[in-house]
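Chains as they are written, first to last, in the numbering used here: chain A, 1 to 314; chain B, 1 to 156. Think of the CB as a built atom: it goes at the ideal place given N, C-alpha and C, for glycine as much as any other residue.
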């Protein structure tokens, strides 16, 4: 597949990246690993005037401990993060989701920031321009309709990051830097709930850091997939517990993950969450598995992951 | 649109090219340098047929823009054998009959090479996990895994 025309610029620091954003009047895309972006550009789902490479920015490549937080630079690759000792020891849910992401080769290229900010997906959206033109444009392509659910008023595309789920289960926050300055917020606040434009990031903003509270946790990540490698989650469940409190995150269904807080963790509390998530989840026929099956698997995977977190004491 | 000057090493040879900013490394290797061992199959990073090793890391060259590899050191399947002798992985693939249609083979071998470079004696499980990054549509995985095991034994 041939790429459309665009310019390529490499930014040495965040300020330069934002300067490029302004120079091109916002018609740019930031590039990290490119494993999500390049296919989108090839399919003409994104048509930037310029691609601004953030890979050379030194400050985004480090993992450090700062005042009770593990601070992960957005350009740390998934493979490097997976092999980090602190992650293995303190955050088993994150380790498992990193290990479950795609395949080793793509883990070596894909970055944690890019993984979090990957676009939502749909069987009828991630297609070539010719295919989509023949079918007619949907909401997410700027059209007036949803091609999956007749008469729907919203976009049901799925958010497919494995790691955002485990990071939210671990109560992670993110740092964003943009033309209007810097801000920090809990990871779950970056989701708009609208599949057309799934993130609340302001124009030109760059995700620079992911911060996890440095507290030893137990947890697990369960993923529904058909191939065990190179595939996106058809449903993902991240569970993490610290002391008596816990968090369950369900993703891969719809544009925004579901988050549940538990004050007292025990088997029946997890069962309640499994039932609640089952009724909250609204899968539609936009993946290779049926919506009924994915819905049923929501409670199965929550129970599976919570059992691992409770019993194995990982 | 203006071209960009890019310099990198391919199979220990320094090359300087003027490329389009929207050119993939796979296009540069195949169309400008005549290194046609890396194949385009899916074109979106799902299959691994275009894998080359860049600075020791196996990369899907269909997802990499050529300007991104300025200054890098790249190994393709053409540069694996040295002094007229095949690489142990290439020999093992022949010996074990791990090549069927051959379309995935260069990607498989380079993915395996990057594994053996960082882990001299991988377990069978580790080999399977690494190799699962690449798709073989003849489904000849068993023999491919055996070939990597054989090459790992030989190189110790």
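Distance CB(residue i)-CB(residue j) smaller than 7 Å
i	j	result
residue 246 (chain A)	residue 230 (chain A)	no
residue 7 (chain B)	residue 16 (chain B)	yes
residue 173 (chain A)	residue 122 (chain A)	no
residue 302 (chain A)	residue 269 (chain A)	no
residue 335 (chain A)	residue 152 (chain A)	In the structure as shown, chain A starts at 1 and stops at 314, and residue 335 (chain A) therefore has no counterpart that could be examined.
residue 76 (chain A)	residue 38 (chain A)	no
residue 233 (chain A)	residue 155 (chain A)	no
residue 50 (chain A)	residue 24 (chain A)	yes
residue 284 (chain A)	residue 87 (chain A)	no
residue 210 (chain A)	residue 72 (chain A)	yes
residue 111 (chain B)	residue 51 (chain B)	yes
residue 239 (chain A)	residue 250 (chain A)	no
residue 98 (chain A)	residue 78 (chain A)	yes
residue 10 (chain A)	residue 56 (chain A)	yes
residue 252 (chain A)	residue 63 (chain B)	no
residue 259 (chain A)	residue 168 (chain A)	yes
Local Cβ density within 10 Å of residue i, reported as buried at 16 or more and exposed below that
i	result
residue 221 (chain A)	buried
residue 136 (chain A)	exposed
residue 105 (chain A)	buried
residue 107 (chain A)	buried
residue 293 (chain A)	exposed
residue 254 (chain A)	buried
residue 2 (chain A)	exposed
residue 82 (chain A)	buried
residue 315 (chain A)	Residue 315 (chain A) falls outside the range modelled here, since chain A spans only 1 to 314, and no answer is possible.
residue 20 (chain B)	buried
residue 45 (chain B)	buried
residue 47 (chain B)	buried
residue 186 (chain A)	exposed
residue 53 (chain A)	buried
residue 24 (chain B)	buried
residue 124 (chain B)	exposed
residue 141 (chain A)	buried
residue 115 (chain A)	buried
residue 113 (chain B)	buried
residue 280 (chain A)	exposed
residue 22 (chain B)	buried
Local conformation of residue i per DSSP, three classes
i	result
residue 51 (chain B)	strand
residue 17 (chain B)	strand
residue 314 (chain A)	Here residue 314 (chain A) scores only 44 on pLDDT, less than 50, and its place in the model should not be relied on; the value that follows carries that caveat. Note: residue 314 (chain A) maps to coil in three-state DSSP.
residue 66 (chain A)	strand
residue 44 (chain B)	coil
residue 133 (chain B)	coil
residue 22 (chain B)	coil
residue 253 (chain A)	coil
residue 30 (chain B)	helix
residue 280 (chain A)	helix
residue 36 (chain A)	coil
residue 50 (chain A)	strand
residue 129 (chain A)	helix
residue 89 (chain B)	helix
residue 261 (chain A)	strand
residue 6 (chain B)	strand
Check: residue i C-beta below 6 Å from any heavy atom of the ligand FMN
i	result
residue 112 (chain B)	By its list of ligands, the structure shown contains no ligand whatsoever, and the ligand FMN lies outside what it can speak to.
Discussion item. Assess contact between the stretch 70-90 of chain B and the stretch 35-49 of chain B, defined as three or more Cβ pairs (one per stretch) separated by less than 8 Å. Is contact present?
Written reply: yes
Worksheet item: Considering only residues of the stretch 155-231 of chain A, which uninterrupted alpha helix (DSSP H) runs meet the minimum length of 4 residues and lie entirely inside it, listed in chain order?
Response: 163-169
Discussion item. For a minimum of 3 consecutive residues, which ranges assigned as the beta strand (DSSP E) are wholly contained in the stretch 57-84 of chain B?
Written reply: 57-60 and 73-75
Worksheet item: Would you call the stretch 39-46 of chain A and the stretch 65-79 of chain A touching, i.e. three or more CB-CB distances under 8 Å?
Response: no
Worksheet item: Would you call the stretch 96-105 of chain B and the stretch 132-147 of chain B touching, i.e. three or more CB-CB distances under 8 Å?
Response: yes
Practice prompt. Pair every Cβ in the stretch 176-190 of chain A with every Cβ in the stretch 200-209 of chain A, then say whether three or more of these pairs are closer than 8 Å.
Written response: yes
Item to complete: Kindly confirm or deny that the stretch 91-104 of chain A and the stretch 20-30 of chain A touch, where touching means at least three C-beta pairs closer than 8 Å.
Response: no
Discussion item. Taking 8 Å as the cut-off, does the stretch 79-87 of chain B touch the stretch 127-143 of chain B (at least 3 CB pairs, one atom from each stretch)?
Written reply: no
Worksheet item: Quick one, which residues of the stretch 92-117 of chain A are near chain C if we go by CB-CB under 7 Å, in chain order?
Response: This model lacks chain C altogether; the protein chains it does include are A and B.
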